[in-house]
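Q: Pasting a structure below so you can have a look.
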Amino acid sequence: QEMPSMDRAETAIDDLDDRGQSYLKASSDERTSQEGGNCRKQRMRSRTAAASQGPRNDHTAANRDAYDDGSSNKWRVPRPRYMMMCVVMLVSWVWPRVACGSDGSDEGGGGSRSQHLHVYDPNEVVTVWTDKMGPYHNPHETYPYENLPICELQDAGGIRKEPTIGEALEGHNFISSPRINIKFSVGQPSTDVCSMKLNEEQAEELVRMVEENYWYQIYIDDLPNWGFLGEMVEPDEGKEGADEKDDDEGAAPSVPSIFTHREFVIYRNGPQIISVDMEPSDLVPIKAGAELKFTYSVEWHETDVPFKNRFEKYLEFSFFEHKVHWFSIVNSFMLCLFLCAIVSVILARVLRRDFAKYAASEADELESMDRADESGWKQVHGDVFRKPSHLLTFSVLYSSGCHLMTMIVGVILLAIANSYYTRAGSSSSAAVLVYIVTQSVGGYAGGYTFKLYGGKGWKKAMFAQVLFIPSVVLVIFAFLNTTALVYTSSMAVPAKNIATVVLLFLVLCIPLHTVGTLLGRRHASKAAFPCRIHHLKRPIPPKHWAFLPCMISGAGLIPFGCVFIEMYFLFSSFWGYKFYYVYGFMLAILLLFSCVLVCVSITSVYILLNAEDYRWAWVSFLSCASTGVYVFLYSIYYYHNSTKMRGFLQFMYYFGSTAFFCFCLSLFCGSLGYLGAFRFVSLIYKNIKAE
Numbered sequence: 001q002e003m004p005s006m007d008r009a010e011t012a013i014d015d016l017d018d019r020g021q022s023y024l025k026a027s028s029d030e031r032t033s034q035e036g037g038n039c040r041k042q043r044m045r046s047r048t049a050a051a052s053q054g055p056r057n058d059h060t061a062a063n064r065d066a067y068d069d070g071s072s073n074k075w076r077v078p079r080p081r082y083m084m085m086c087v088v089m090l091v092s093w094v095w096p097r098v099a100c101g102s103d104g105s106d107e108g109g110g111g112s113r114s115q116h117l118h119v120y121d122p123n124e125v126v127t128v129w130t131d132k133m134g135p136y137h138n139p140h141e142t143y144p145y146e147n148l149p150i151c152e153l154q155d156a157g158g159i160r161k162e163p164t165i166g167e168a169l170e171g172h173n174f175i176s177s178p179r180i181n182i183k184f185s186v187g188q189p190s191t192d193v194c195s196m197k198l199n200e201e202q203a204e205e206l207v208r209m210v211e212e213n214y215w216y217q218i219y220i221d222d223l224p225n226w227g228f229l230g231e232m233v234e235p236d237e238g239k240e241g242a243d244e245k246d247d248d249e250g251a252a253p254s255v256p257s258i259f260t261h262r263e264f265v266i267y268r269n270g271p272q273i274i275s276v277d278m279e280p281s282d283l284v285p286i287k288a289g290a291e292l293k294f295t296y297s298v299e300w301h302e303t304d305v306p307f308k309n310r311f312e313k314y315l316e317f318s319f320f321e322h323k324v325h326w327f328s329i330v331n332s333f334m335l336c337l338f339l340c341a342i343v344s345v346i347l348a349r350v351l352r353r354d355f356a357k358y359a360a361s362e363a364d365e366l367e368s369m370d371r372a373d374e375s376g377w378k379q380v381h382g383d384v385f386r387k388p389s390h391l392l393t394f395s396v397l398y399s400s401g402c403h404l405m406t407m408i409v410g411v412i413l414l415a416i417a418n419s420y421y422t423r424a425g426s427s428s429s430a431a432v433l434v435y436i437v438t439q440s441v442g443g444y445a446g447g448y449t450f451k452l453y454g455g456k457g458w459k460k461a462m463f464a465q466v467l468f469i470p471s472v473v474l475v476i477f478a479f480l481n482t483t484a485l486v487y488t489s490s491m492a493v494p495a496k497n498i499a500t501v502v503l504l505f506l507v508l509c510i511p512l513h514t515v516g517t518l519l520g521r522r523h524a525s526k527a528a529f530p531c532r533i534h535h536l537k538r539p540i541p542p543k544h545w546a547f548l549p550c551m552i553s554g555a556g557l558i559p560f561g562c563v564f565i566e567m568y569f570l571f572s573s574f575w576g577y578k579f580y581y582v583y584g585f586m587l588a589i590l591l592l593f594s595c596v597l598v599c600v601s602i603t604s605v606y607i608l609l610n611a612e613d614y615r616w617a618w619v620s621f622l623s624c625a626s627t628g629v630y631v632f633l634y635s636i637y638y639y640h641n642s643t644k645m646r647g648f649l650q651f652m653y654y655f656g657s658t659a660f661f662c663f664c665l666s667l668f669c670g671s672l673g674y675l676g677a678f679r680f681v682s683l684i685y686k687n688i689k690a691e
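Have a look at this one:
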């Protein structure tokens, strides 16, 4: 009887032991769970505190979303502000060494320090820089001055100046002329330069150049001077028997002759050169075996003209400040006022009526659900912010247009602050500089738009955006530069300058564009459309096949009417021999032109939305971009009616450069039109409660 009781006791002890172990295990699990919960709570508190302090680094949810393109691969990039600081420091170090030429030493070919400071000592040598030459009627068909079949630079040991990017792009080819020895404030009588005897080949070449009105350009203290190589001399009418010969055989042919003497008349104000006039003389007929003796003389005069006004002699005030130019300003201003007034009045009335009608229909919605009679822009609220077709192409064009928009404004503002005509190649150098600095604007616009519409593959889009304009430039430049090399023209850009531009693009443009893209995607990830996009596309009512083409082509004609007069002055400067200096006019025209573009875009989009067609993004872009087509058509008219250009080289440079200019103008107009239309569409649909 005791044994069973002992067994029961041992069994009870075993049960207690099992229960104790289970209890201890449960307690341990509970403590582990509590510790895990406490850790999770601690992590949540840390995240909450970090979120309350704002986005402190690039690993927040918004930034991760901005970097993510839907795949598992993410780029680990530095902070955008650090990248921007590095790029700015690199620009400040590289640009003066690349775009501003040599350091001013004689070894580098940049001239003496006095010439860079434009301050000379008595008897100091003033270097004469020969530049380029070409036929008068073909301004961009230029050749190096050293190609002249004369003895001035032959075996003279002239120093070749290293061209800046701007000088290379504009076809400058500076070589000093040691045989013309001008000393500051020292007059010189007729002095020999060189002598030569023409052979048949040289004579034929000079005859051709004189018949085609060849001119040449030289620089003295950064002041340009032009002169004709020679001219066609009429035979002496007083010669005995000339009248009888004219009656019997017709007029005697003109004789091609070359100038052999140059007189330099230099005006100075103290130690600074103010003006240089070059007067060629002493014509000698060109023929094989002729002896040519080239000479020069120098005269110095005092003047009271200040140094800052020394370029005014080159500015044609009567041309650029003519009544017609002022009329273009007034014409653009009146057109802008008229369009703004019409658009404001019509859209204000129509939108006010539509908003009132829509509000009334919502108030009566519980009593009557019949809204079938409604039509117009409010019916497409669920589709109006739908992704545009070919989003990648659209974002590339819009990004490039925004980049060009800021670049044009920057170039004009720089021109107002510091005139480009005071230094050769400065306008092209400034354009390259501003293009690099404003690269992030294009990246921001493209990244923001691509992210806002939910595009996939943002890295591909980013590289397409940054490479688009350079690719177009590469195609046009490759063809033009090859043509220039075949013709041995000075417009052919040296390989060193091409490599410099490529290096600047790789080192500066791509990082700046990347920074802009990341910032744009970050801001787009926090943005939202005013209306929710429906899953099913709304059917678009049928329209006449000519509705969109007519609206797009007709819309571009109105902005063209705002700028076509200014186009004449621009073309006369770029394709002629005038210095464009009225950048204040250009800025005023640009502002009025922009207002007209926005008004035209808003009107076109409103007409399209009223037709219940929500594909407004491309319409707003193309309606304004068609302005570039009209400018190109005007350039064809200008070529045939306002110039005497001829030859394949000049033809290719004219239409290649003009086509690229009109293409960039179309991107500028289209991007501005879309930007204005996007703000307008967001505004009107923000006031509608779309459910």
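Per full-length UniProt numbering, the sequence shown runs over residues 1 to 691.
We put the CB at the ideal spot given by N, CA and C, even for glycine.
#1: Would you report the Cα separation of G516 and Q650, rounded to the nearest angstrom?
#2: Closest by CA to Y614, which one among V681, C595, S626 and F663?
#3: Using a 10 Å radius around the Cβ and a threshold of 16 neighbouring Cβ atoms, would you call E234 buried or exposed?
#4: Would you report the Cα separation of I498 and G446, rounded to the nearest angstrom?
#5: To the nearest whole angstrom, what separates the beta carbons of H381 and Y685, a pair I think is in contact under 8 Å?
#6: Restricting to runs no shorter than 4 residues, where is the alpha helix (DSSP H) found entirely within the stretch 526-592?
#7: Given a cut-off of 8 Å on the beta-carbon distance, is the pair Y143 and S490 in contact?
#8: Is the beta carbon of L229 sitting closer than 8 Å to the one on Y216?
#9: Do the stretch 476-489 and the stretch 642-662 touch if we need at least three Cβ pairs shorter than 8 Å?
#10: So with Cβ pairs under 8 Å, would you call T295 a contact of chain B?
#11: Rounded to the nearest angstrom, what separates E205 and D222 at their Cα positions?
#12: Closer than 8 Å is the cut-off here; do at least three beta carbon pairs connect the stretch 534-552 with the stretch 610-629?
#13: I'd like the list of long-range same chain contacts for F547, defined as Cβ closer than 8 Å, with 5 residues on each side in sequence excluded.
#14: To test your reading of the DSSP string, which unbroken beta strand (DSSP E) runs of 3 or more residues are found completely within the stretch 467-527?
#15: With a threshold of 8 Å, are at least 3 pairs of Cβ atoms found where one atom belongs to the stretch 455-475 and the other to the stretch 434-446?
#16: Let me know if I636 comes out buried or exposed under the rule of 16 or more other beta-carbons within 10 Å of its beta-carbon.
#17: Count the other CB atoms, across all protein chains shown, that sit within 10 Å of the CB of F648; report buried if there are 16 or more and exposed otherwise.
#18: Residues in the same chain with beta-carbon distance under 6 Å from S328, minus the five sequence neighbours each way, listed in chain order, please.
#19: Only counting the same chain, and skipping five residues up and downstream in sequence, which positions put a Cβ closer than 7 Å to that of H523?
#20: With C-beta atoms as the reference, is F184 less than 8 Å away from V276?
#21: In this structure, how does DSSP classify K161 when only helix, strand and coil are distinguished?
#22: Hey, P280 and G227 are a contact pair by Cβ (cut 8 Å); roughly how many whole angstroms apart?
#23: Can you tell me whether DSSP reads G676 as helix, strand or coil?
#24: Give every residue of the same chain whose Cβ lies closer than 6 Å to the Cβ of H261, excluding the five residues on either side of it in the sequence, and list them in chain order.
#25: Once DSSP output is grouped into helix, strand and coil, what is the label at K686?
#26: Distance check for V193 and I182, CA to CA, integer angstroms please.
#27: In the DSSP assignment, the alpha helix (DSSP H) including Q202 goes from what residue to what residue?
#28: Can you list, in chain order, the residues of its chain with a C-beta nearer than 6 Å to that of S427? Leave out the 5 residues immediately preceding and following it.
#29: In whole angstroms, give me the CA-to-CA distance for L518 and Y583.
#30: Buried or exposed for K197, please, with buried defined as at least 16 other CB atoms from any protein chain shown within 10 angstroms of its CB.
A: Based on what the coordinates show:
#1: Counted from its first residue, the sequence shown places residue 516 at position 516. Counted from its first residue, the sequence shown places residue 650 at position 650. For G516 and Q650, the distance between alpha carbons rounds to 39 Å.
#2: Position 614 of the sequence shown holds residue 614. Nearest of V681, C595, S626 and F663 to Y614, Cα basis: V681.
#3: Here the question's residue 234 lines up with position 234 in the sequence shown. Exposed, since its Cβ has fewer than 16 Cβ neighbours within 10 Å.
#4: Taking the sequence shown and counting its residues from 1, one reaches residue 498 at position 498. Taking the sequence shown and counting its residues from 1, one reaches residue 446 at position 446. Going by the C-alpha atoms only, they are around 27 Å apart.
#5: Counted from its first residue, the sequence shown places residue 381 at position 381. Counted from its first residue, the sequence shown places residue 685 at position 685. That pair is a contact at about 6 Å.
#6: 547-574
#7: Within the sequence shown, numbered from 1, the residue matching residue 143 stands at position 143. Within the sequence shown, numbered from 1, the residue matching residue 490 stands at position 490. Contact flag set, yes.
#8: Stepping through the sequence shown from its first residue, residue 229 is reached at position 229. Stepping through the sequence shown from its first residue, residue 216 is reached at position 216. Yes, the pair counts as a contact, with Cβ atoms nearer than the cut-off.
#9: yes
#10: No chain B is part of this structure, which consists of one protein chain only.
#11: Counting from 1 along the sequence shown, the entry for residue 205 is found at position 205. Counting from 1 along the sequence shown, the entry for residue 222 is found at position 222. Distance between the alpha carbons of E205 and D222 is about 30 Å.
#12: yes
#13: For this step, residue 547 is matched to residue 547 along the sequence shown. The answer, listed in chain order, is A611.
#14: none
#15: yes
#16: Here residue 636 refers to the residue found at position 636 of the sequence shown. Answer is exposed; the Cβ neighbour count stays below 16.
#17: Within the sequence shown, residue 648 is the residue found at index 648, counting from 1. F648 is exposed by the Cβ-count criterion.
#18: For the purposes of this step, residue 328 is taken as residue 328 along the sequence shown, with counting starting at 1. Within the same chain, S328 has close Cβ partners I565 and E566.
#19: Start at 1 with the first residue of the sequence shown, and residue 523 comes out as number 523. Only Y448 meet the Cβ criterion.
#20: The sequence position of residue 184 within the sequence shown is 184, counting from 1. The sequence position of residue 276 within the sequence shown is 276, counting from 1. Against a cut-off of 8 Å, the Cβ pair of V276 and F184 comes out as no contact.
#21: For the purposes of this step, residue 161 is taken as the residue at position 161 of the sequence shown. Correct three-state label for K161: coil.
#22: Mapped onto the sequence shown, residue 280 falls at position 280. Mapped onto the sequence shown, residue 227 falls at position 227. Sure, about 5 Å apart at Cβ, within 8 Å.
#23: Translated into the one-based positions of the sequence shown, residue 676 becomes position 676. If DSSP states are grouped into helix, strand and coil, G676 belongs with the helices.
#24: Working through the sequence shown from its first residue, we reach residue 261 at position 261. Result list for H261: S281, D282 and T295, in chain order.
#25: Here residue 686 corresponds to residue number 686 of the sequence shown, with the count starting at 1. Helix.
#26: On the sequence shown, position 182 is the one that residue 182 refers to. On the sequence shown, position 193 is the one that residue 193 refers to. Their Cα atoms are separated by approximately 12 Å.
#27: Locating residue 202 in the sequence shown gives position 202, counting from the first residue. Q202 -> alpha helix (DSSP H) spans E200 to E211.
#28: Counting from one through the sequence shown, the residue named residue 427 turns up at place 427. So the qualifying residues of the chain are Y420.
#29: In the sequence shown, residue 518 corresponds to position 518, counting from 1. In the sequence shown, residue 583 corresponds to position 583, counting from 1. Answer to the nearest angstrom: the Cα atoms are 34 Å apart.
#30: In the sequence shown, residue 197 corresponds to position 197, counting from 1. Looking at its Cβ environment, which holds fewer than 16 other Cβ atoms inside 10 Å, K197 is exposed.
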